[in-house]
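Residue numbers (the UniProt record's numbering): 1 to 185. Everything below concerns the one structure shown next.
Structure, rendered in structure tokens:
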């Protein structure tokens, strides 16, 4: 009998900036191997460290993501209103701290002005075309959103349609969405 653990899969998170608004949307599916364990997980959250609203979406291990969210919140409390700087500091810690290096998650973060992807490889990326996507269905959602971004649709409509397309293609993504909107400049 094998001791191989099948591993948790799934999630698709997308961030779309358009016409002064940023929408972050995430699906609700959590899978273990080929089994859907939960369909209503909430992987997009709003926080207000230092009195500044930030929306975060995460893909990967939930416990790992919450560890990173707590660290990001601490960085933002120390550097209010400086999302990029706090994100770079988090990425540096994540890359160099032996405990944090083992965390398996990715984050999309926005304060409405900046839209960033933070990875465990030490990357803080500002995506092209005002669209960020992560997770198992991230590439499907990204491709769909790129095709929709020029249409006469709001940021929320682009995110919803792109997530719907990802859910139709990726077996680790469902159509149960959580959306958070934040105003930009």
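Cβ atoms here follow ideal geometry from the backbone N, Cα and C, with glycine treated the same way.
Residues bridged to residue i (per DSSP)
i	result
residue 79	In the DSSP output, where bridge partners are listed per residue, residue 79 has none listed.
residue 60	105
residue 180	24
residue 125	117
residue 47	54
residue 110	55, 115
residue 98	None, per the DSSP bridge assignment.
Chain-order list of residues whose beta-carbon lies under 7 Å from that of residue i (same chain, five-residue window excluded)
i	result
residue 162	14, 141, 144, 145, 148
residue 183	20, 21, 112
residue 129	146, 149
Cβ-based neighbour list, residue i, same chain, cut-off 6 Å, excluding 5 preceding and 5 following
i	result
residue 75	86, 89, 90
residue 178	26, 42, 44
residue 79	85, 86
residue 18	155
residue 72	90
Rounded distance between the beta-carbons of residue j and residue i, thought under 8 Å
i	j	result
residue 22	residue 115	6 Å
Local Cβ density within 10 Å of residue i, reported as buried at 16 or more and exposed below that
i	result
residue 66	exposed
residue 180	buried
residue 60	buried
residue 208	Nothing about residue 208 can be reported from this structure: the residues present for the chain run from 1 to 185 only.
residue 159	buried
Span of the alpha helix (DSSP H) around residue i
i	result
residue 42	Neither: residue 42 is in no alpha helix (DSSP H) and is coded neither H nor E.
residue 149	Note, residue 149: premise wrong, no alpha helix (DSSP H); not H, not E.
Residue i - containing beta strand (DSSP E), residue span
i	result
residue 135	131 to 135
Neighbourhood of residue i by C-beta, 8 Å cutoff - its chain only, sequence neighbours within 5 removed
i	result
residue 175	27, 163, 164, 167
residue 138	12, 13, 14, 59, 166
residue 38	28, 29, 30
heavy atom of the ligand FAD below 7 Å from residue i C-beta
i	result
residue 75	Of the ligands one can find in the structure shown there are none, so the ligand FAD has no counterpart to examine.
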